[in-house]
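K.L.:
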Amino acid sequence: MAEEEAFRRFVAERSAGLLRLAYLLTADRAGAEDLVQNALVKAYLRWRSIESNPEAYVRRVLVTVAADERRRAHRRHETAVEALPETADGADPYAGVDGNVRLRSALAGLPARQRAAVVLRHWVGLEVAEVAELLGCSAGTVRSQTLRGLEKLREAYGVAVEGETRG
Amino acid sequence: MDDRELLGLLAEEAPVPRPGLADEVVAQARRARTRRRWKTAAGGLALAAAVTVAIPFVLYRQDASTMDSAAQRPAPASAPLEDQDRPDLMEEKAAGQSQAEDSSRPDAAVYEAAIDAFLETKTGVAQRSRPLRILDRICPLRGECADRPLDRDLKRDLAARMPSVRFVQDTAALNLLEPLRLGEARIEGEKARVPVSGELLRLELRQGRWRVVGGP
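These protein sequence lines map, in sequence, to chains A and B.
Quick note on numbering: the first sequence equals residues 261 to 427 in our numbering.
Quick note on numbering: the second sequence equals residues 23 to 238 in our numbering.
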């Protein structure tokens with residue numbers, strides 16, 4: 261019972277932060293909720309062995325599942341594409357609307373591992389080596405992926421701001 | 023705006039935790055745990071069932087292969103060729119050999135010792151390696167043989183002890199040797215008397231073996 265109490269306390273205190281992380285990793289609200297819930301179920305089942313640092317375990321589950329494009333696509337019956345779908349007239353419907361919307365589209369357009377590298381490095385604040393260990397790649401790959409991902413996000417946000425300024 | 027602030031703009035759009043999230047998670051985890059236990063139990067049952075089916079099958083196959091190899095085993099080298107043409111006699115001998123040592127009649131040893139001694143006396147050498155013919159009728163010391171055949175168990179035990187023996191109906195001589203005629207043995211404690219081809223042999227049990235002490 262004490263274990264369940266501790267788990268419930270952990271969920272109450274940390275679920276908001278975990279949802280934010282899951283959302284940044286997936287760029288999908290519903291997907292983020294599913295991801296967090298499944299990770300928490302795994303955490304509950306292994307609570308005794310992870311009680312000392314449950315957040316690290318849950319974060320690892322979130323990253324592992326989110327970064328695995330095939331697993332997520334299979335589970336959600338979706339297929340990842342490199343580019344955002346084009347509209348009928350070729351114009352971006354969000355161009356002059358909001359910088360955040362543009363930013364969100366850009367985040368969703370990043371490859372899953374690139375997105376994970378950016379989020380873990382600059383949102384969670386992990387060191388390059390830690391990110392590399394979590395993603396199972398080299399530090400150089402993390403650096404390059406992070407750089408490219410951030411460029412796209414900045415560009416998207418900047419374009420949006422510029423569009424807003426023009427509009 | 024630094025990179026963390028940039029990502030923070032998006033993080034603000036993240037969903038907020040549902041009020042009953044912890045309850046949902048705990049309930050889902052319990053269901054998963056129950057499913058896992060059922061799966062484990064079902065796997066164990068399936069394994070037990072497989073073992074229950076497989077063990078008798080393996081034992082049956084082993085028995086079958088043992089029987090096959092026994093059937094393919096050649097007839098004993100000491101069996102005379104003419105015996106191999108007579109399945110009934112071969113069967114009788116095989117049955118006799120397998121049971122000779124532990125379940126033989128007590129008078130079989132008496133007959134065996136008497137026959138050995140008789141043949142050695144008459145021919146000078148033991149005849150056990152040669153085809154040994156015994157008339158399959160009870161023959162008294164004097165007079166004609168009875169119509170009764172020798173006791174079946176006695177024949178079986180003698181066949182087991184003396185692989186070259188054949189029980190015949192014909193009294194005709196073969197290679198100048200007539201078939202042996204056996205009468206009923208009389209055993210009294212450690213002494214015995216056996217009629218063999220008109221001779222009465224007296225035997226005594228010494229050191230666990232019957233030995234002829236008087237006769238022809």
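Using N, Cα and C, we set each Cβ at its ideal position, and we do this for glycine too.
Small disclaimer: the values here were computed from a predicted structure and weren't measured.
Out of Arg320(A), Arg289(A), Asp288(A), which has the shortest C-alpha to C-alpha gap to Ala303(A)?
P.N.:
For Ala303(A), the nearest C-alpha among the options comes from Arg320(A).
K.L.:
Using 8 Å as the threshold, is the C-beta distance between Val384(A) and Val402(A) below it?
P.N.:
No, Cβ-Cβ distance for Val384(A) and Val402(A) is not below 8 Å.
K.L.:
Answer with yes or no whether the minimum CB distance from Ser404(A) to chain B is below 8 Å.
P.N.:
Judged by the 8 Å Cβ criterion, Ser404(A) is not in contact with chain B.
K.L.:
Identify, in the order they occur along the chain, each residue of the same chain with its Cβ nearer than 6 Å to the Cβ of Ser219(B), setting aside the five sequence neighbours on each side.
P.N.:
Taken in chain order, the residues that qualify are Leu202, Arg203.
K.L.:
Nearest to Leu28(B) by CA position, among Ala327(A), Ala272(A), Leu300(A), Arg364(A), is which residue?
P.N.:
Minimum Cα distance to Leu28(B) is reached at Arg364(A).
K.L.:
Step through the CB atoms of chain B and report whether any lies within less than 8 Å of the CB of Ser275(A).
P.N.:
Judged by the 8 Å Cβ criterion, Ser275(A) is in contact with chain B.
K.L.:
Between which two residues does the beta strand (DSSP E) holding Leu154(B) run?
P.N.:
Counting along the chain, the beta strand (DSSP E) containing Leu154(B) begins and ends at 154-160.
K.L.:
Look up Ala266(A) in the DSSP assignment and say whether it is helix, strand or coil.
P.N.:
If DSSP states are grouped into helix, strand and coil, Ala266(A) belongs with the helices.
K.L.:
When we look at the beta-carbon of Phe140(B) and count the other beta-carbons within 10 Å, is it buried (16 or more) or exposed?
P.N.:
Buried.
K.L.:
What would DSSP say about Leu69(B), mapped onto helix, strand or coil?
P.N.:
Here Leu69(B) sits in helix by DSSP.
K.L.:
Within a Cβ cutoff of 7 Å, which residues of the same chain sit near Glu338(A), ignoring the five residues on either side of it in sequence?
P.N.:
Residue placement at Glu338(A) cannot be trusted, given a pLDDT of 49 that sits under 50; what the coordinates show is reported in the next sentence. Same-chain partners within the cutoff: there are none.
K.L.:
Does Val48(B) get closer than 8 Å to chain A when you measure Cβ to Cβ?
P.N.:
Yes, its Cβ sits closer than 8 Å to a Cβ of chain A.
K.L.:
Decide yes or no for the touch test of the stretch 279-293 of chain A against the stretch 34-44 of chain B: beta carbon pairs closer than 8 Å, at least 3 of them.
P.N.:
Enough Cβ pairs lie closer than 8 Å, so yes.
K.L.:
Just the chain A side, please: which residues come within less than 7 Å of Arg26(B) by C-beta, in chain order?
P.N.:
Going along chain A in sequence order, the residues near Arg26(B) (Cβ under 7 Å) are His382, Trp383.
K.L.:
Closest by CA to Glu273(A), which one among Pro41(B), Gly30(B), Ala54(B)?
P.N.:
Checked all of Pro41(B), Gly30(B), Ala54(B); the closest Cα to Glu273(A) is Pro41(B).
K.L.:
Throw me the rounded Cβ distance for the Ala316(A) and Leu367(A) pair, which I believe falls under 8 Å.
P.N.:
That belief does not hold up - the Cβ atoms of Ala316(A) and Leu367(A) are roughly 24 Å apart, past 8 Å.
K.L.:
Any beta-carbon of chain A closer than 8 Å to the one on Pro41(B)?
P.N.:
Taking Cβ atoms only, chain A never reaches closer than 8 Å to Pro41(B), which makes this a no.
K.L.:
Looking at the structure shown, is Ala207(B) part of a helix, part of a strand, or coil, going by DSSP?
P.N.:
Three-state result, Ala207(B): coil.
K.L.:
Would you please state the rounded distance, in angstroms, between the beta carbons of Ala474(A) and Leu395(A)? I believe it to be under 8 Å.
P.N.:
Nothing can be reported for residue 474(A): it is not among the residues displayed for chain A, which extend from 261 to 427.
K.L.:
Look at Ala181(B) and Tyr133(B) and say whether their C-beta atoms are less than 8 Å apart.
P.N.:
It is not a contact, given that the beta carbons lie outside the stated cut-off.
K.L.:
For Lys144(B), collect the residues of the same chain with a Cβ closer than 7 Å to its Cβ; drop the 5 residues on either side in sequence, then sort them by chain order.
P.N.:
Hits under 7 Å: none found.
K.L.:
Are Ile160(B) and Gly205(B) close, meaning C-beta to C-beta below 8 Å?
P.N.:
In this structure, Gly205(B) lies closer than 8 Å to Ile160(B) by Cβ.
K.L.:
Can you name, in chain order, every residue of its own chain whose Cβ lies under 6 Å from the Cβ of Ala131(B), other than the five neighbours on each side?
P.N.:
So the list reads Trp232, once near-sequence residues are dropped.
K.L.:
Out of curiosity, what's the CA-to-CA distance linking Ala376(A) and Ala71(B)?
P.N.:
Spanning the two alpha carbons is a distance of roughly 48 Å.
K.L.:
For Gln119(B), which residues from the same chain have a beta carbon less than 6 Å from its beta carbon, with the 5 sequence-adjacent residues on both sides left out?
P.N.:
Only weak support is given to the placement of Gln119(B): the predicted model assigns it a pLDDT of 48, under 50, and the value that follows is read from those uncertain coordinates. These residues qualify, in order along the chain: Ala182.
K.L.:
Listed in chain order, which residues of the stretch 271-299 of chain A have Cβ atoms closer than 7 Å to some Cβ of chain B?
P.N.:
Residues passing the 7 Å Cβ filter: Val271, Ala272, Ser275, Ala276, Leu279, Arg280, Tyr283, Leu284, Arg289, Ala292, Glu293, Gln297.
K.L.:
Residues in the stretch 57-84 of chain B with C-beta within 9 Å of chain A's C-beta atoms, listed in sequence order?
P.N.:
Under the 9 Å Cβ criterion, the stretch 57-84 of chain B contributes Arg58.
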